[in-house]
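In my numbering, the protein residues as written are 2 to 323.
Structure, rendered in structure tokens:
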């Protein structure tokens with residue numbers, strides 16, 4: 002019924018979803034499928050409310066935790082909903098309690114590590130993540146998370162080492178060379194980044210993030226622009242409505258000299274990216290190429306206000322237009 006409600010038109014979707022939720026709600030705590038039913042019910046409520054931070058979803062899960070206190074999946078779901086509501090510290094506290102109750106649950110350790118990292122507690126994050134790796138060596142996510150913690154700390158040597166170790170265990174996992182490409186790019190080795198992204202795409206031709214990253218890298222380098230356009234457009238098809246990918250497509254068009262097409266796409270990308278400062282800077286560059294200096298200046302000032310990283314370079318652009 003939930004699948005049908007997703008496929009149905011607006012007239013019938015609500016009725017189908019309501020029937021599904023009623024059936025799920027009638028599955029009692031004595032049932033073997035109670036946990037699955039409650040997780041489905043919470044997910045359905047979240048979708049119906051149209052908000053990522055559904056209070057109804059959290060209420061459903063907290064009620065289920067009271068009925069099934071020994072079910073770790075419900076504890077994880079509760080913490081994730083609390084995090085979605087914006088309270089990462091409380092989510093971390095919920096996972097810490099769950100970790101004490103279920104010390105051998107790899108998913109709880111993994112989630113705890115992610116929450117600790119978001120709170121800036123890298124030592125605690127690494128400890129939890131490494132416990133998750135030990136408890137479930139077949140799960141690639143903790144290994145990637147460990148590398149990303151080092152990447153965030155700008156310890157690129159340890160990030161590379163963690164990814165190399167992960168690649169030995171998961172040679173077919175495209176996310177590993179993708180993350181390595183990000184590390185190489187941040188450490189300043191563009192050619193190594195390109196090679197890693199190519200490897201990621203070879204392993205998974207539909208890895209939208211790798212396609213986008215490689216296309217943007219080439220656009221920045223001014224190389225392989227026709228191929229970059231193909232990659233960026235494919236990423237856009239795989240993740241429609243993503244402002245950052247749309248920005249990449251626009252930026253490739255800009256590099257190819259099609260400034261009007263770039264402008265059309267950037268106007269859409271700006272709100273989709275939450276007025277990301279890099280996207281705003283690109284918009285300013287396009288306006289400038291089209292001779293629309295007043296609009297370029299406005300875009301540059303907005304990029305600066307939104308936290309553009311290279312403030313000195315952007316300030317120079319602004320001064321030239323004033």
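All C-beta atoms, glycine included, are put in the ideal place defined by N, C-alpha and C.
Cα-Cα separation between residue i and residue j, rounded to whole angstroms
i, j, result
"residue 87", "residue 119", "12 Å"
"residue 134", "residue 218", "32 Å"
"residue 148", "residue 244", "26 Å"
"residue 271", "residue 237", "15 Å"
"residue 54", "residue 79", "Caution applies to residue 54, whose pLDDT of 49 falls short of 50 and renders its modelled position unreliable; the model cannot decide the point."
"residue 266", "residue 104", "49 Å"
"residue 310", "residue 298", "17 Å"
"residue 23", "residue 37", "15 Å"
"residue 262", "residue 69", "56 Å"
"residue 257", "residue 281", "19 Å"
"residue 16", "residue 316", "55 Å"
"residue 301", "residue 96", "42 Å"
"residue 145", "residue 209", "17 Å"
"residue 225", "residue 234", "14 Å"
"residue 14", "residue 21", "11 Å"
"residue 334", "residue 285", "This structure leaves residue 334 out entirely; the chain is present only between 2 and 323."
"residue 318", "residue 294", "11 Å"
"residue 307", "residue 259", "27 Å"
"residue 172", "residue 322", "51 Å"
"residue 250", "residue 156", "31 Å"
"residue 314", "residue 25", "57 Å"
"residue 248", "residue 158", "30 Å"
Within 8 Å, strictly: CB atoms of residue i and residue j
i, j, result
"residue 59", "residue 83", "yes"
"residue 242", "residue 273", "yes"
"residue 93", "residue 116", "yes"
"residue 136", "residue 107", "yes"
"residue 61", "residue 46", "yes"
"residue 185", "residue 167", "no"
"residue 123", "residue 160", "no"
"residue 239", "residue 215", "no"
"residue 39", "residue 65", "yes"
"residue 175", "residue 205", "yes"
"residue 150", "residue 130", "yes"
"residue 222", "residue 191", "yes"
"residue 252", "residue 203", "no"
Min CB distance residue i to chain B below 8 Å
i, result
"residue 127", "Checking the listed chains, one finds no chain B in this structure; it contains a single protein chain."
Residue closest to residue i, alpha-carbon to alpha-carbon, out of the options
i, options, result
"residue 102", "124, 275, 164 and 74", "74"
"residue 152", "106, 187, 168 and 124", "187"
"residue 200", "193, 24, 275 and 178", "178"
"residue 289", "96, 269 and 264", "264"
"residue 183", "174, 194 and 175", "194"
"residue 304", "283, 89 and 125", "283"
"residue 228", "254, 90 and 19", "254"
"residue 143", "33, 163, 156 and 275", "163"
"residue 4", "44, 125 and 207", "44"
"residue 76", "85, 90, 98 and 57", "98"
"residue 57", "34, 32 and 85", "85"
Check your understanding: Where are the alpha helix (DSSP H) runs, 4 residues long or more, that stay fully inside the stretch 133-162, in chain order?
Key -> 141-153
Point to revise | Complete runs of the alpha helix (DSSP H) confined to the stretch 37-106 [at least 4 residues] | key: 56-68, 73-85 and 89-102
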